[in-house]
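Working notes, structure below.
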Amino acid sequence: MKLFRARRFDQTPRHREVYSIYELIYSAVDLLAAIAFIVGSILFFYKSLMEAGTWLFLVGSVFFALRPSVRMLRELHLAALSRNEAENPEAERSYSS
């Protein structure tokens, strides 16, 4: 199974739908990581809030670690869709537009 093929996301309407969902998840994870780091940085200016800032840095790091996981899951999902379509080319498909 080959992953990260350039045009796989555009293969069918279902591929485009799955790709879009994963892009939304990826963007949300990215935004949450950035927010955690920004708020953690602000909290670091205050000695009494330094521990909370440290926790936010950890949370942000976890979100950043999730980013490649989301991409890998997306690629595995798209590859499975392609494999299923190759095995069942005559199967009736219903795509939501």
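Residue numbers (my numbering): 87 to 183.
Idealized CB from N, CA, C, for every residue including glycine.
**Q.** DSSP three-state assignment for Phe130, whether helix, strand or coil
**A.** Counting from 1 along the sequence shown, the entry for residue 130 is found at position 44. Coil, per DSSP.
Q. In chain order, what residues of the same chain lie with their CB nearer than 8 Å to the CB of Arg207, ignoring the 5 residues before and after it?
A. Absent from the structure is residue 207, since the part of the chain shown begins at 87 and ends at 183.
Q: Measure the CB-CB distance between Phe130 and Met136 and report whether it falls below 8 Å.
A: Counting from 1 along the sequence shown, the entry for residue 130 is found at position 44. Counting from 1 along the sequence shown, the entry for residue 136 is found at position 50. The answer is yes: Cβ separation under 8 Å.
Q) Based on Cα-Cα distance, which residue from Leu110, Glu109 and Val145 lies nearest to Val125? A) Along the sequence shown, one-based indexing puts residue 125 at 39. The shortest Cα separation from Val125 among Leu110, Glu109 and Val145 belongs to Val145.
Q | Complete runs of the alpha helix (DSSP H) confined to the stretch 94 to 123 [at least 4 residues] | A | none
Q.
Using only CA atoms, which one of Arg169, Arg160, Ile128 and Ala165 lies nearest to Ile107?
A. Mapped onto the sequence shown, residue 107 falls at position 21. It is Arg160 whose Cα lies nearest to the Cα of Ile107.
Q | Same chain only: Cβ atoms within 8 Å of Phe123, ignoring 5 sequence neighbours per side | A | Here residue 123 refers to the residue found at position 37 when the sequence shown is read from its first residue. Once the five neighbours on either side are set aside, the close Cβ partners of Phe123 are Leu142, Phe143 and Gly146.
Q: Output yes or no for whether 8 Å exceeds the beta carbon distance between Leu164 and Val104.
A: In the sequence shown, the residue the question calls residue 164 occupies position 78. In the sequence shown, the residue the question calls residue 104 occupies position 18. Yes. Within cutoff.
Q) In whole angstroms, what is the alpha-carbon distance linking Met158 and Ser134? A) Within the sequence shown, numbered from 1, the residue matching residue 158 stands at position 72. Within the sequence shown, numbered from 1, the residue matching residue 134 stands at position 48. So the alpha carbons of these two residues sit roughly 39 Å apart.
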